[in-house]
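Under our numbering, the first residue of the sequence shown is numbered 392, with each subsequent residue one higher. The beta-carbon is built from N, C-alpha and C at its ideal position, and this holds for glycine as well.
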Amino acid sequence: MPRTLQCRPPHAAATLGPRTKAEGGVFVRMEGQPLLELAEGHRAVPLLSPEKDRVPFAAALRIIQPGAAPAQAVGAGPEPHDTLELHYTLCGAGSLLGANGTAQPVGPGDSIISAQGAALFTVPAGAADAGGVPAPLVMLQVLLPGKLLRDAAGGLGTAHTDPADLLIRPEWSCPTVLKAGRVSQELMCSLLSRDMELTQGDGHGGDAAAPGPGDGESAAPSGSSDPAAPAADVTLEPLAGSRPLHKRSLSGVRAWQLPNATNQLALVFGPHLDPELSMTFGVEMFEPGHRTTRHIHTSAYEMFVVLGGQGVGISNGEEVPIRAGDVAVFPPYVVHAIDNTSDRRLYCLQMMLPNDMFAEFVTSGSLLDPLDSADMGHIISGSC
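Shown next, in the form of structure tokens:
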């Protein structure tokens with residue numbers, strides 16, 4: 392049976408009030424963050440919280456060891472399921488469990504969106520890398536407030552005022568969670584990427600995904616001819632709750648060339664696919680020497696998680712170096728940009744919450760060929 396991770400709500404935090412335009416962006420380095428023990432075989436590295444960072448979502452790395460019992464993540468708020476979970480698989484391989492014994496393989500580059508607590512993952516007991524080291528499933532997990540998404544979809548104001556109103560209570564924020572140490576640079580690099588030649592106990596590896604039924608954006612990965620490969624776009628009925636689990640593989644997504652720019656964005660989730668989903672998520676690629684026009688968003692928070700390469704984050708004129716493992720969030724009205732100051736591509740996960748017409752802007756550009764093997768390799772393997 393799935394194990395439930397649950398705790399009592401923490402003491403109410405003092406109201407922090409709305410952000411001011413002068414506060415600028417939030418920059419977090421994965422290295423040095425606490426490593427938390429949630430349950431046997433389950434760990435987390437907290438990255439962002441509404442209370443501390445005054446952003447309308449929470450984010451952490453989730454680490455599931457081989458053979459660990461599937462754990463259902465339940466928040467501590469009064470309405471824990473008024474939250475969506477977004478998962479992006481960084482490394483390792485496992486299975487996403489659905490109703491009636493159904494399961495789908497999960498591997499690097501796979502994204503899943505679900506109701507909070509509805510996505511359960513397992514990792515075969517024998518999962519190991521090419522060197523025989525146990526290979527956990529490592530995912531970025533983002534908790535998204537249902538209220539904000541509903542308000543945005545309904546055309547209501549989305550200004551973020553008080554973290555307590557968002558009802559986001561991830562289990563990694565429980566005061567009783569044990570600390571196992573802090574993330575070293577070596578551990579950070581192993582969490583971002585591993586030798587992808589995995590030995591699987593049940594044959595569920597992160598194989599390249601085959602194309603799903605066409606909406607104009609799904610395509611077979613370069614060189615893929617395996618008819619048994621997992622579908623690029625899959626919907627599963629959950630073990631609990633009514634919202635379906637939606638898994639999408641990056642290998643089945645084509646990128647867009649942004650209008651009048653050199654950067655490209657492979658949109659994985661967004662209102663262009665689900666009109667009721669008022670947020671966007673994907674992988675953004677910045678060419679060497681790319682300079683982003685300084686700009687603001689009037690209602691959206693934009694998050695970047697650096698997978699590989701290095702560059703500079705601009706926040707109200709301040710320049711902050713960014714590299715693999717760094718997280719940057721730019722709140723509404725912050726003048727911001729990402730520049731690639733290096734001689735190779737910069738790869739980032741990118742999220743816009745709420746959408747704020749961003750998907751419409753991206754898809755007004757040019758639709759490109761499917762991501763090639765070189766891009767997929769850099770995105771999946773990362774670099775430190």
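Could you give the first and the last residue of the continuous beta strand (DSSP E) run that contains residue i?
| i | result |
| --- | --- |
| H769 | Unbroken run through H769 is the alpha helix (DSSP H), 764-772; no beta strand (DSSP E). |
| Q655 | 655-660 |
| E693 | 692-699 |
| R573 | 569-573 |
| L627 | 624-627 |
| V720 | 717-721 |
| G673 | 671-677 |
| I687 | First-last for I687: undefined, no H or E at that position. |
| R639 | 636-640 |
| E667 | First-last for E667: undefined, no H or E at that position. |
With a CB to CB cut of under 6 Å and the five nearest residues on each side skipped, what residues in its chain are close to residue i?
| i | result |
| --- | --- |
| A450 | L438, L439, V533 |
| Q701 | R714, S733 |
| A494 | S486, L488 |
| T653 | E678, H681 |
| M694 | V720, M742 |
| L578 | none |
| D444 | V417 |
| P499 | T480, C482, G597, I771 |
| V568 | L427 |
| L641 | G500 |
Which two residues bound the contiguous alpha helix (DSSP H) that contains residue i?
| i | result |
| --- | --- |
| E751 | 749-753 |
| D444 | 441-444 |
| S581 | 576-583 |
Between the C-alpha atoms of residue i and residue j, what's the straight-line distance to the nearest angstrom?
| i | j | result |
| --- | --- | --- |
| G661 | D501 | 15 Å |
| G605 | M670 | Because G605 sits at a pLDDT of 36, beneath the cut-off of 50, its placement in the model cannot be relied upon, and the following sentence gives the value as read from the coordinates. If you take the alpha carbons of G605 and M670, they lie about 22 Å apart. |
| P761 | V674 | 13 Å |
| I454 | S690 | 32 Å |
| L539 | I559 | 11 Å |
| I504 | L477 | 5 Å |
| G680 | Y738 | 13 Å |
| N731 | A490 | 44 Å |
| Q576 | R645 | 32 Å |
| P515 | G483 | 10 Å |
| T513 | R685 | 43 Å |
| L582 | L528 | 9 Å |
| E414 | P712 | 18 Å |
| M767 | V696 | 16 Å |
| L475 | V703 | 30 Å |
| H663 | G523 | 42 Å |
| M676 | R736 | 7 Å |
| A619 | Q456 | Because A619 sits at a pLDDT of 47, beneath the cut-off of 50, its placement in the model cannot be relied upon, and the following sentence gives the value as read from the coordinates. Cα to Cα, A619 sits roughly 26 Å from Q456. |
| A543 | M748 | 11 Å |
| R541 | P635 | 17 Å |
| P722 | A728 | 12 Å |
| A509 | L698 | 26 Å |
| P496 | C580 | 24 Å |
Excluding the 5 residues flanking residue i on each side, which residues of the same chain have their C-beta closer than 7 Å to its C-beta?
| i | result |
| --- | --- |
| R420 | G716, D717 |
| E431 | A459 |
| Y479 | S502, M530, L531, L740 |
| W563 | L427, L429, A435, P437, A451 |
| H688 | P723, D747 |
Which of helix, strand or coil does DSSP assign to residue i?
| i | result |
| --- | --- |
| R645 | strand |
| S564 | helix |
| E431 | coil |
| E710 | strand |
| E414 | helix |
| A652 | coil |
| G798 | The shown model of the chain, from 392 to 775, leaves out residue 798, and the question about it has no answer. |
| A450 | strand |
| Y724 | coil |
| E422 | coil |
| G605 | With a pLDDT of 36 at G605, under the threshold of 50, the modelled position of that residue is not reliable, and the figure given next carries that caveat. In the structure shown, G605 sits in coil (DSSP, three-state: anything other than H, G, I, E or B). |
| A757 | First, the residue type needs correcting, since residue 757 is Ser and not Ala in the sequence shown. Reduced to three states, the DSSP call for S757 is strand. |
For residue i, which residues in the same chain have their Cβ closer than 8 Å to its Cβ, ignoring the five residues on either side in sequence?
| i | result |
| --- | --- |
| G708 | V726 |
| L649 | Q655, L656, F752, V753, G756 |
| G572 | P425, L426 |
| W647 | Q655, L656, A657, L658, V753, T754, G756, S757, L758, L759 |
| K570 | P425, L426, L427, E428 |
inquiry  = So within the region 486-545, which uninterrupted alpha helix (DSSP H) runs reach at least 4 residues, ignoring any that extend past its ends?
reply    = Correct list: 537-544.
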